Amino acid sequence: MATTEATEQKSASAQAVDEEYEKLQMFHVERQRIVLIDENYKSEGGYGIVRRAELYQSASLPTWVAEHVYGPPQLVAVKQIRVSDFTTMKRAKRAFTREMLVWSSLGAHPGIAKFLGFHADFTHSKAWLLSPWEPNGNISEFVNAHNLEVPEKVSLVCRTGRIMITTSAR
417 MATTEATEQK
427 SASAQAVDEE
437 YEKLQMFHVE
447 RQRIVLIDEN
457 YKSEGGYGIV
467 RRAELYQSAS
477 LPTWVAEHVY
487 GPPQLVAVKQ
497 IRVSDFTTMK
507 RAKRAFTREM
517 LVWSSLGAHP
527 GIAKFLGFHA
537 DFTHSKAWLL
547 SPWEPNGNIS
557 EFVNAHNLEV
567 PEKVSLVCRT
577 GRIMITTSAR
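In this text, residue positions in the sequence shown follow our numbering: the first is 417, and each later residue adds one.
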């Protein structure tokens, strides 16, 4: 009896994840619109690798035509989630969907990178999140690149804390 209930709960949970994932399809970006550039640059984080890319406005036009019609591509950061870190593809999809739901609901805030969209192909272990490219990198890269004094570092920590409080309240 308990096994049947556990199986039903897992099935309901998987269905809920699929439903939430489908709600986010308006943010889906075709792979052809994303051109990874600067193969030498990558920044690793806890759950993925961040790479620089160009995001084109059309997947159906050659890049040179799309650039002529729509203007230059947008420079973006592509966070490539390490799907292999998860024990199953279902868990990877659930974590990926949860991150997209939270990030896409935050709206505009000067201290948080804007969520532009995602590309996912779980059959090929791809789960990418897109945001505008920040030339100063993340906060750690910014601090390491600039010779900040302790008061400046404390100010950054305080501002980051306020942002986290604001976003968690949403």
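Ideal placement from N, C-alpha and C gives every residue a C-beta, glycine not left out.
What you are looking at is a predicted structure, and each value in this text was computed from that prediction instead of being measured.
Might you give, ordered along the chain, the residues of its own chain that have their beta carbon closer than 8 Å to the beta carbon of residue i, omitting 5 neighbours on each side?
i      : result
Ser500 : Ser541
Gln496 : Gly464, Ile465, Val466, Arg467, Lys542, Ala543 and Trp544
Looking at the strands, I want to know which residues DSSP matches up with residue i.
i      : result
Ile465 : Glu460 and Gln496
Val451 : Glu470
Leu545 : Lys495 and Phe534
His484 : Its beta-bridge partners do not exist; DSSP assigns none.
Gln490 : Leu471
His444 : Phe534
Please state whether DSSP places residue i in a helix, a strand or coil.
i      : result
Met417 : Residue confidence for Met417 is low, a pLDDT of 49 falling below 50, so the modelled location carries little weight; the figure read from the coordinates is stated next. Residue state, collapsed to three classes: coil.
Ala529 : coil
His562 : coil
Within 10 angstroms of the Cβ of residue i, are there 16 or more other Cβ atoms? Answer buried if so, exposed if not.
i      : result
Ala524 : exposed
Trp519 : buried
Met516 : buried
Ala469 : buried
Ile581 : exposed
Arg575 : exposed
Ala475 : exposed
Arg578 : exposed
Ala482 : buried
Once the 5 residues before and after residue i are set aside, which same chain residues still bring their CB inside 6 Å of it?
i      : result
Gln490 : Leu471
Leu572 : none
Phe502 : Ala508
Ile528 : Leu522
Asp454 : Arg468
Thr537 : Correcting the residue identity first, residue 537 is Asp in this sequence and not Thr. Correct list: empty, nothing qualifies.
If residue i and residue j are in contact, beta carbons under 8 Å, what's the gap, nearest whole angstrom?
i      : j      : result
Val466 : Trp544 : The Cβ separation is near 10 Å, so there is no contact.
Leu452 : Val492 : At roughly 10 Å, the Cβ-Cβ gap does not stay under 8 Å, so Leu452 and Val492 are not in contact.
Val445 : Phe534 : 7 Å
Ser459 : Glu550 : In fact, because the Cβ distance is near 11 Å, the residues do not count as touching under 8 Å.
Pro548 : Lys569 : The Cβ separation is near 25 Å, so there is no contact.
Only counting the same chain, and skipping five residues up and downstream in sequence, which positions put a Cβ closer than 7 Å to that of residue i?
i      : result
Glu436 : Thr513 and Leu517
Pro488 : none
Arg447 : His535
Would you say residue i faces chain C, with C-beta separation under 7 Å as the test?
i      : result
Ile453 : Although the question refers to chain C, the structure presented lacks it and comprises just one protein chain.
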